[in-house]
Amino acid sequence: MSPEFSQYIPIGMLIVIAIAFSAGLLVMSTLMGQKGRRPAIKDTAYECGMLPITPAHGRFSVKFYVVAMLFVLFDIEVVFLYPWAVVFKSLLKDPQTGPLIFTSMLTFIGILFVGFIYALKKGAFDWGTRAKQ
Amino acid sequence: MNFSLLKLEMATCGLAMLVLMLEVFVQRRDRRFLGYVGAAGLLAILAWSYCPSVTAGGFTVGSGFGGMWVNDLMALYFKRLFLVGTALVLVMSVGFARQLEGGVGEFFALLMFACTGMMLTASVNDFLMLFVALETVTMSFYILVAWLRRQQQSLEAGVKYLILGALASAFLVYGITFIYGTTGTTGFAGVAAFLKANAASAPLKIGLLLVLAGLGFKIATVPFQAWVPDVYQGAPTPVTAFLAVGSKAAGFVLLLRVLFDALLPLKPTWVLLIGALAGLSVLYGNLAAMPQRNVKRLLGYSSISHAGFLLLGVAAADSFGVSAVLFYLFAYLFTNLCAFTVISCLAGTLADDERENYAGLAQRSPLLAAAMTVALASLAGVPPMAGFFAKFLIFAAIIGQAKWCLVIIGAIGVVVSLYYYLGVVKAMYWQEPRETAAIPVSWPMKALLWVTMLAVVGIGVFQGALAQRALEAAKELIK
Amino acid sequence: MEDVSGLLWRVLAGPLSAAVVIWLLCHKSKFYTDFGPIMERQAAAFIAIGFLAGSSLFGYWAFGAVRDGAQMENRVLYEFLSAGDLMVEINWSLDRLSGLMMMVVCGVSLCIMVYSIGYMHDDPGISRFFAKLSFFVFSMLGIVLAGNFLMMFIFWELVGVSSYLLIGYWYERPSAADAGKKAFIVNRLGDFGFLIGILMLWGITGEVDFVRVKNQLAAHPVDANLLAVATVLIFCGAVGKSAQFPLHVWLPDAMEGPTPVSALIHAATMVAAGVYMLCRVSFLVFGSPVAMEIIAWTGGITALMAALIATQQNDIKRILAYSTLSQLGYMVMAVGLSNPAGSGYMPAMFHLSTHAFFKALLFLSAGSVIIALHHSEQDIWKMGGLLKKMPITAGCFAVGALALCGFPFMSGFYSKEAILGLAYDHNPRLYLLATVTAGLTAFYMFRCFFVAFFGNTRGEHAEKAKESSWVVLGPLVVLAVASICGGWFGIPEWLVENKAISAEHAPRAVMIAALAAFTIGVGAAAFLYARGATTDALNKLPVLSWVLRNKFFIEEIYMVLVKAGQGTLAWLCGFVDRWIIAGLAVRGLAATTRGTGQVLRLFQTGNVQTYALWFAAGATIILYCLVR
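As structure tokens, this is what we get:
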């Protein structure tokens, strides 16, 4: 097997496992599930408890947006952290780049940390009434 | 990588974060003192930038970060401009705080984050860095413009600025991909070397033009000016002032860097282009301002025309022309801040910024009327105001290049502009006020008015030192 | 050598500090009420006069130094601006020309300020008036003493600003405010030419200093056409400030200011600045025959046109205003005709000096009449018979009129003769024009004199007229003496040191013709108006008087041109802005906030899209041009 192809083996395995897992679940639910009457509502898609068909202009609490936005922000942080972590060890050995690679990420996380404290103190993570203060 | 090249920016950013943290942790109800903290901090950074250890020790002057970053005299000149401008805008915002409807601390912090971004633009030497720096500025402004979210005008201005700004950013980043695709580099020096070795292909030209369009949005030149009047009118007045002096200057420093560092081999082409845009902007800005009755909108159109005058200096394309642009931006900074301070003083008293409301202002508040007159005279280019010498230098530069067509267009612009600027002066001094109650002016605003007025007259009379610094900076840009 | 430049600083500092002091102390402050009622009213006047008198003393000192042969070395006092090759310093030029002009400005201004105490006696804003007046004198002295083009231009603009303030002094009258604005804008038109001329000159020689430009031009001759264009552009400045055709329209309107202001503007400052500037740059003017031709004809046309218009004006101040225009035309013509090798700019400066005295005298006499009529009547047809009621004023007016018309041995006689002689030698057509103008001058001045002072009183104010007080009459008498003797001081000898040239007189024929013109003019006026006429005799020639009364319709033509040109452009831009940019019906935020309803809200979203379209279309057009 050529080395170019062999690097795709894990992906192939992932696909196989995914298919097997979902197929297995379906088979098991038909075998083991209780059988009874089937009203229409039971056939609708199940999506985390939300009703699939509602008026388009539904109202959400603004807190959802705040949390979503904060999530995206800190998610990006991780995106930056990954490539950094990959080269971290090799660059740390070099005395020229060693301190630099450490301090620059520290600065980055520090800036984000300030933002985190700000969001915390402003009550962005309080879901209850306390946030209003 | 030499982090000391970044120390002014790091200090500014740190100051902004400090203010943000103070906003969160300090219990005091009245948060206006945070503005003074910010202004004092910025002035301290300004003073620091004059320390011999910063300027002469070889620490701050130099280039680094793989050629992405350059700190020369021009960068220093602009950084000081941004620091002064932001400090003054902060003081203005303190006076304006009552209209801001809460979140004062964040407002101040955002102004300083924008300032950090502007300071980054001053040192840009790479298209990627250009995009990052410019977006730092623009993102802050998206929020600032829409700050008065309960007022329809401000909200509308915010949305317009967001959409059109995003469009401009899209142009910019699309242009950068073209440039990278054709030259294989994003560094200014690399692009210049590529252009010197090869003829410019059509895709490269498209890329450069798209970048210039993105910058044209920032400096508000025709045909990228459509957002200006609406946004200027709707944004909170200190933000409008900051847009006019800070954002525009940031756009200009980037334009100068791109034109003279990356595109120098294409000079014959872009001189024509910039000249045409300059002429159009001068004509459009001035003529469209004539029927205008709203003072903030009027200053919006005037800002378009001043972008045109500044571009005239760029179109001269020599060190004298660039020094004229640098001088002009400083003169314009104080002049505009003076005018907008007056407008923000009136924001609580007058119903809106229509010219009729300025009638008889001289009787209601002589100081405000005098400051407005000084500012408008400087904008119109009446000696001995700073604006006169700025225009004088611009005209001298283009006459030196024998661009007579542009001289004539500029002349028309100057004459026309006098008409609508004097219209406001006439309303203030020779029309009867609708109400006679005196207008109170708080002491920080009073101080700001005096500082800017004295600066406008002072730069106009003793312009030698500033012109000298501008010339030194320009000579370093154009070797 | 004594430090003349220090003296000049003090000359300039006097009026400026007067203006500042008055502004600081007397503006809505209770500071000086403690000094009693006299101080309260007149403090500003005394401050202004005191400082100006001090200035005049220093000025006389410097004048004396020049007389003793001190030449002001071109010393740099302060490096004002240095950018690129451009170097501008603050330096003064003091020579015989500026020395004479400085004394004229100081003397006449002093007389006018004293007079103003009487004239402005009942005006509530008297301190504001004197502050502005002092600032005006300061600006004018700045022009006189400036040592380079840029400084001259700055003071030039300051004169424009202060004249704007003074003409619009009675700002509560819309006509005064408009007149101020008009004067400023018309001046700016000329100034723009001036500025471009200065920049061109700087481009040619690389210098802006008078002496260095002169040396540079002498050392490196340049293209004559280029120089002529630069000269004509600089002359544009003089056209604006000295109110020459076609930019003369602001001057008659400037009569809206108080009479002392009119006197100052017309006699010693402002309008004289243009002629003075031409003399100052005479090295430039004399180097370009084409430019001289243009200058001479501009002056000549102005002189004749203004004299014609003056014959049909009825407002006493307007008659004088047009006479000023006419006399300025004379001076400008004299500059254009002058003989560089011979008398140089002497005739023009000579006439400027004598004119300063008798025109100030005429205006102040007219002002005295206006005081007597309680500031409510300026129409000469509503006066009449004032000779008996106010003999001293009438006498002074007569002296002024005679001097203006060139009655033998009065000051105007000598200076006018010098100009006529010049025209006779150089340009017969202009000579004819100048002589006709001289006749017309005699006619309209004596028409005014006879109608206002002779015959029966024709108005209720004129019935109650009384002679004015000594504060008013004192300056009149001083100026009257100066108007009579002005020709004997030796001004020509002062300006032209070569005795043979300065002693030259015009040919006998010129003198006889001038006297004949004078006699015919006065005779015609006496025949038509001296015998108690109550209406104008020229009413019998309706077309002529219609044209003259409407000043050849020049203002109307301008209005049409401005409306058609600028109005259309402005309308077009407004149209583009309002309809195309803001998207068909949406007028942007202003209209939205006025809540113009449903329709506008429909277009609200279209708004930003239109902007975006505009943005993209612009980029595409540029792209097409660039990549094509």
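Chains as they are written, first to last, in my numbering: chain A, -15 to 117; chain B, -7 to 471; chain C, 387 to 1014.
For each residue, glycine too, the CB sits at the ideal point set by N, CA and C.
All values reported here derive from a predicted model rather than from experimental measurement.
By DSSP's assignment, B:Val116 forms a beta bridge with B:Trp61.
Interface annotation, A:Val98: in contact with chain B, CB-CB separation under 9 Å. The alpha carbon of B:Leu103 has as its nearest neighbour, out of B:Asp118, B:Thr130, B:Val124, B:Met121, the alpha carbon of B:Thr130.
Contact between C:Ser441 and C:Val500 does not hold, since their C-beta atoms are separated by about 15 Å, which reaches or exceeds 8 Å. For B:Gln355, the enclosing alpha helix (DSSP H) has its first and last residue at 353 to 356. Just so you know, the alpha carbons of B:Val18 and B:Leu256 end up roughly 52 Å apart. In this structure, C:Leu670 sits near C:Ala616, with a CB-CB distance shorter than 9 Å.
Taken in chain order, the unbroken stretches of alpha helix (DSSP H) that lie wholly in the region 177 to 248 of chain B and span 4 residues or more are 180 to 189, 194 to 211, 220 to 226, 229 to 234.
A Cβ-Cβ contact shorter than 9 Å links B:Leu126 with B:Ala242.
The beta carbon of C:Leu865 sits closer than 6 Å to those of Cys497, Phe743, Ala746, Leu747, all from its chain and outside the five residues before and after it, given in chain order.
In summary, B:Pro228 is buried, with 16 or more beta-carbon neighbours lying within 10 Å of its beta-carbon over all protein chains present.
Note: C:Val545 is not bridge-paired with any residue in the DSSP secondary-structure output. Just measuring C-alpha positions, the residue of C:Val718, C:Gly792, C:Phe835, C:Thr827 sitting nearest C:Gly770 is C:Phe835.
Residues of chain B whose Cβ lies closer than 7 Å to the Cβ of C:Glu543 are, in chain order, Val374, Pro375.
Taking 9 Å as the cut-off, the Cβ atoms of C:Phe1001 and B:Ala212 do not count as close. Closer than 9 Å to the CB of A:Lys47 there is not a single CB belonging to chain B.
C:Gly579 sits in a helix when the DSSP states are folded into three classes. Going by beta carbons, B:Phe74 and B:Cys43 fall outside the 9 Å limit. B:Gly56 has B:Trp61 as its beta-bridge partners, per DSSP. Under the 8 Å Cβ criterion, the region 779 to 795 of chain C counts as touching the region 826 to 844 of chain C, having at least three qualifying pairs. Contact residues of the region 402 to 436 of chain B toward chain C are Ala403, Val406, Val407, Val408, Leu410, Tyr411, Leu414, Lys418, Tyr421, Trp422 (C-beta to C-beta distance below 8 Å). If you check the CB distance, C:Thr823 and C:Tyr708 do not come in under 9 Å. Counted as a single uninterrupted DSSP element, the alpha helix (DSSP H) harbouring A:Phe100 occupies residues 82 to 105.
When rounded, the separation of the alpha-carbon atoms in A:Gly33 and A:Trp111 is 20 Å. In this model, A:Phe109 and B:Val16 are separated by some 15 Å (Cα to Cα). The C-beta of A:Pro23 has fewer than 16 other C-beta atoms within 10 Å across all chains shown, which makes the residue exposed. Within chain B, the residues Met13, Val16 have their CB atoms less than 8 Å from the CB of A:Ile101, given in chain order. What A:Lys105 touches in chain B, judged by beta-carbon distance under 8 Å, is Val16, Phe17, going in chain order.
Minimum Cα-Cα distance from C:Ile408 among the listed residues C:Gly392, C:Leu393, C:Val494, C:Ala517 corresponds to C:Ala517.
Interface flag for A:Ile60 against chain B is unset, since no Cβ pair is found closer than 9 Å.
Between the region 590 to 607 of chain C and the region 526 to 539 of chain C there are three or more C-beta pairs closer than 8 Å, enough to call the two in contact. In this structure, B:Leu398 sits near B:Ala307, with a CB-CB distance shorter than 9 Å.
For B:Lys259, none of the residues of chain C pass the 7 Å Cβ criterion, the least Cβ distance being about 14 Å.
From the beta-carbon of B:Ala378, no residue of chain C is found nearer than 7 Å; the closest lies around 12 Å away.
Distance from B:Trp262 to B:Leu251 at the Cβ level is roughly 6 Å; contact confirmed, criterion being Cβ atoms closer than 8 Å.
Sixteen is the threshold: since fewer than 16 other Cβ atoms of the shown chains lie within 10 Å of the Cβ of C:Glu846, the residue is exposed.
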